[in-house]
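The end of the sequence shown is residue 210 by my numbering, with every number in the run present. Each remark here refers to the structure printed beneath this line.
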Amino acid sequence: MFQRQALVIGNDNYRVKPRRTCVNDANDMSFALSKIGFITHSATNLDSYRMPLRINRFIESIEPNAIVLVYFSGLAVQHDGKTYLMPIDNAWISPDNIGQSAYNAEDIIALMHTKGPRAVILILDGARPIQNLVGETPFFAKETLGLLQGFEPIRPPPSTIIANSCEAGAKFFGLADNYRNSIYTYHLLRYITKPNIDIDT
């Protein structure tokens, strides 16, 4: 029987544009995944030092032929056609240092595939920081305002599933009626433990 392994990250305490549901989203998702047989590793409010350590530690733990899932709830940005997951110390991130300060989602996928998994699943509940950002952080200076456009699609290798809270080009982050979760994760939690439901439903 193949293993099911999951890494669940939720970041709320951003220096710029803090969130309110991401830690709840991660905690609830971790519990739901454990109910369906995943060995779950959870981490919250990771800075630019701890975030790559936790991701790399998880990747090193991946067993051959495992089903591997990474869930991220937090802020994400687009730069040069790539999606970056942001650590909480995001106030000083700029286009010049983003490759060293945030985590490229495509790199996570590629590194997981080096471990020979049966399948890789990446779930991104990544809110774009799209309001009132000019002047608040170097990454969103006026000359880089184009970075506020919607996400480009990630083109994954075979045996990879990517689920995103927004379709390509969209910009959205909403609070669910329970005031605890994002809208996307709220609905995902309702169905993720049910068998035979397509992830795109």
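Idealized CB from N, CA, C, for every residue including glycine. All values reported here derive from a predicted model rather than from experimental measurement.
Under the DSSP assignment, ARG199 falls in the alpha helix (DSSP H) whose first and last residues are 192-200.
Excluding sequence positions up to five before and after ASP21, its CB lies within less than 7 Å of the CB of PRO27, ARG28, ARG29, CYS31, VAL32, ASN54, all in the same chain and listed in chain order. When only Cα atoms are considered, LEU16 and ILE130 end up about 10 Å apart. For GLY135, the pairing in a beta bridge is given by DSSP as GLY83.
A check of alpha carbon separations from PRO166 across GLY125, SER103, ASN187 identifies GLY125 as the nearest. Shown here, ILE102 sits in coil according to DSSP, grouped into three states, outside any helix or strand. Counting along the chain, no alpha helix (DSSP H) covers LEU184, and no H or E run does either.
Excluding the 5 residues flanking it on each side, ALA128 has same chain C-beta neighbours closer than 8 Å at ILE76, VAL77, SER168, THR169, ILE170, in chain order. Within its own chain, the residues whose Cβ lies closer than 7 Å to the Cβ of LEU94, once the five positions on either side in sequence are excluded, are PHE81, GLY83, ALA85, ALA111, TYR112, ALA114, GLY135, listed in chain order. Shown here, ASN22 sits in coil according to DSSP, grouped into three states, outside any helix or strand. Secondary structure note for SER174: it is in no beta strand (DSSP E), with a DSSP letter that is neither H nor E. Contact check for ASP56 and ILE97: beta-carbon distance about 5 Å, within the 8 Å limit, so the pair qualifies.
With a contact defined as Cβ atoms closer than 8 Å, ILE118 and HIS88 miss out at about 17 Å. Non-local C-beta neighbours of ILE132 in its own chain, meaning closer than 6 Å and more than five positions away in sequence, comprise TYR80, ALA172, ordered along the chain. Shown here, ASN33 sits in a helix according to DSSP, grouped into three states. Between ARG13 and PHE40 the beta-carbon gap is near 14 Å, outside 8 Å, which marks them as no contact.
Membership of LEU94 in the beta strand (DSSP E) is indicated by the continuous run 91-94. Burial state of TYR23 is buried, judged by a 10 Å Cβ sphere holding 16 or more other Cβ atoms.
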